[in-house]
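These notes concern the structure reproduced below.
In full-length UniProt numbering, the protein residues as written are 1 to 71.
In C-alpha cells form, the structure reads like this:
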C-alpha cells in the first residue's frame, strides 16, 4: 500500500516537474528571440527560474525522504 502511495506521489511530482520544465524551455526560447526579450521582465524571469530551482530541491528532498521511509 505504501508503495502505491509513493508511486502516485512520484507521478504527480514528475508531472509538475515536466510542466515546469516545459515552461522553462519556452522561456529560454523567448530569451533567444531578442525581439521578445525587450518585452520580457528580467525580474519575473529570474524569480521564475528561482522557483523552478526551489521546486527541484524540494523534490530531491522528498524523494530521498521517501526512499528512507520505504527502506
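Ideal Cβ placement from N, Cα and C applies to all residues, glycine included.
{"Check": "Spatially closest choice to residue 50 from 12, 20, 8, 16, by CA coordinates", "Outcome": "20"}
{"Check": "Spatially closest choice to residue 24 from 4, 57, 3, 47, by CA coordinates", "Outcome": "47"}
{"Check": "From 42, 10, 4, residue whose alpha carbon lies closest to that of residue 56", "Outcome": "10"}
{"Check": "Through-space distance from residue 53 to residue 43, alpha-carbon basis", "Outcome": "15 Å"}
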